[in-house]
Amino acid sequence: MRKLTISIAMATYNGGNFLEEQLYSLLKQNFLPYELIICDDGSTDKTIEILNRFAQSSPFPVKIIQNEFNLGYADNFLKAASLCKGDCIAFCDQDDIWDSKKLSIAANAFTDSRVTIFSHGCQLISASGDAIRDPESMMPDGCYYLANLDPLNAFFGFSCVFRRSLLSLWDSKKRPIDLINKNNLLAHDRWIYFLATITGLVVYDSRPLALYRQHANNLCGSEIFKKRNAKQLIKKVYYK
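Residue numbers (numbering that gives the first Met the number 0): 0 to 239.
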């Protein structure tokens, strides 16, 4: 039986401050990725220099694409994913740190052909790398059908590993608008979550398989989501 392959889709933009730590954590995976596909959205710092240096010595293929114009984080992630060739794809932020067992645990989840997406818990860390609070998880360990999932929920993109076949179900450029984030198309992680949950099973592992860094330049931090309660979200969507 052929071994499952996992590509990593990374979106970068001026990530030089923390990028090397994340790249090093990819090297430490005990299940090495099939490839690392990086789409850079016009970085003006040392991001490209760091990526090129990493690519020269990486034990797995690394492809770096520099966008001609800024796509924004969601479309940049989806572009990177569209260029992946592995059986599954893991979204990867530029400023986190992965546990060395993350990809091996994810690969094991996909031995069940019905599973379309895997996600996990995390440990919040500060910009300097210090732990913030206890590890966080969104639900207990288990395998879930759509009917068992919170309709207002979605997994953080950095925790998602999903089957590449999901990308062929619908043109991502024609995905619906996000009724929570005004005037934007659905974010990459919420789009993949939608496709995955309507077509297969979700496997969730509550262990903190990534250190989720919180810093001044976070586009979406944990605290932002904690401040939104269900009543506020329903009210906001209702009027749209």
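Every residue gets a Cβ at the ideal spot worked out from N, C-alpha and C, and that includes glycine.
Per the Cβ contact rule, the region 83-91 is in contact with the region 100-109 (3 or more Cβ pairs under 8 Å).
Taking the Cβ atoms as the reference, Leu184 lies roughly 13 Å from Ile191, outside the contact range of under 8 Å.
Unbroken beta strand (DSSP E) runs of no fewer than 3 residues, entirely contained in the region 62-144, are found at 87-91, 114-124, 141-143, following chain order. The shortest CA-to-CA distance from Arg132 to any of Pro32, Leu210, Cys38, Gln21 is the one to Leu210. As DSSP reads the structure, Phe161 sits in a beta bridge with Ile88, Ile116. For Pro150, the closest C-alpha among the options Asn29, Ser112, Ile197 is that of Ile197. Three or more Cβ pairs closer than 8 Å define a contact, and the region 121-140 falls short of that threshold against the region 48-57. Rounded to the nearest angstrom, the Cβ distance from Ala153 to Cys83 is 21 Å, too far for a contact under 8 Å. When C-beta atoms of the region 69-84 are compared with those of the region 32-40, three or more pairs fall below 8 Å, so the two segments count as touching. Excluding five sequence positions before and after Leu18, the CB atoms of its chain that fall closer than 8 Å to its own CB belong to Thr11, Thr46, Ile49, Leu50, Gln93, Asp94, given in chain order.
Looking at the backbone, the Cα of Arg163 and that of Ala195 are separated by about 10 Å. For Glu34, the CB contacts under 8 Å within the same chain, skipping 5 residues up- and downstream, are Ser6, Ile7, Phe59, Pro60, Val61, Lys62, Cys83, Lys84, Gly85 in chain order. Annotation: Thr4 is outside any beta strand (DSSP E) and is labelled neither H nor E by DSSP. Per the C-alpha coordinates, the member of Ile179, Asn147, Phe193 positioned closest to Leu168 is Phe193. Here Ser42 is buried, its C-beta having at least 16 other C-beta atoms within 10 Å.
By the beta-carbon neighbour count (other beta carbons within 10 angstroms, threshold 16), Lys172 is exposed. Under the three-state reduction of DSSP, Ala146 is assigned to helix. Of all alpha-carbon atoms in Gly199, Cys121, Asp204, the one lying nearest the alpha-carbon of Ala146 is that of Gly199.
When the beta-carbon positions are compared, Ile96 and Ser205 stay at least 7 Å from each other.
Ranked by Cα distance from Pro32, the first of Asn13, Asp44, His187, Ala105 is Ala105. The beta carbons of Phe161 and Thr115 sit about 6 Å from each other, so the pair counts as a contact at 8 Å. Check the Cα spacing between Leu208 and each of Ser136, Ser112, Gly141: the tightest is with Ser136.
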